[in-house]
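Under our numbering, think of the first position of the sequence shown as 1080, with each following residue one higher. For each residue, glycine too, the CB sits at the ideal point set by N, CA and C. Since we're looking at a predicted model, the values are computed, not measured. This report refers to the structure that appears directly beneath it.
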Amino acid sequence: QVQLVESGGGLVQAGGSLRLSCAASGIMHSVNVMGWYRQAPGKQRELVAVFTSGGRTNYADSLKDRFTISRNNAKNTVYLQMTSLKPEDTAVYYCYFNVGNWRKTDYWGQGTQVTVSS
């Protein structure tokens, strides 16, 4: 059973920084995609940043200058360093893994709240 456990969310003032972590366990097959999405109140879930197969990164254009994704493959852990945070970054941040070879399965973390005060 794959489990994703996120940590690092919280309340921060505008201009501050936070680092999110997501540790995956129970992964028995290859990881195709790992990364982060977010969902603000009243909005659809959107891409923040992911690693795709082959180690490439894909960022939301509006976030690439302030957010950095990194990972520790040996620990199946992915991180998101967020800097210069803005109130509009307030959202629930979800960890995401796509796993499998012939059968690919999506896994989501429970979400971690990030609130940026002005």
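Quick check: what's the CA-CA separation for residue i versus residue j?
i, j, result
"R1145", "W1181", "35 Å"
"L1164", "Q1189", "22 Å"
Please work out which residues of its chain come closer than 6 Å, Cβ to Cβ, to residue i, disregarding the five sequence neighbours upstream and downstream, and give them in chain order.
i, result
"S1197", "A1093 and P1166"
"M1113", "F1130, V1157 and F1176"
"T1184", "V1178"
"E1085", "C1101, C1174, G1188 and T1191"
"L1090", "T1194"
Near residue i, what residues of its chain come up, given a Cβ to Cβ distance below 8 Å and the 5 sequence neighbours on each side ignored?
i, result
"R1098", "G1087, Y1158, L1159, Q1160 and M1161"
Given a threshold of 16 other Cβ atoms within 10 Å of its Cβ, counted over all protein chains shown, does residue i qualify as buried or as exposed?
i, result
"R1117", "buried"
"D1140", "exposed"
"A1103", "buried"
"N1155", "buried"
Under 8 Å by Cβ, that's how I've got residue i and residue j pegged, so tell me the actual separation to the nearest angstrom.
i, j, result
"Y1186", "W1115", "Incorrect: roughly 13 Å between the Cβ atoms, too far for contact."
Leaving out the 5 sequence neighbours to the left and right, which residues in its chain are closer than 7 Å to residue i when beta-carbon positions are compared?
i, result
"T1169", "A1119, V1193, T1194 and V1195"
State the beta-bridge partners of residue i as determined by DSSP.
i, result
"G1114", "V1129 and Y1175"
"Q1092", "S1196"
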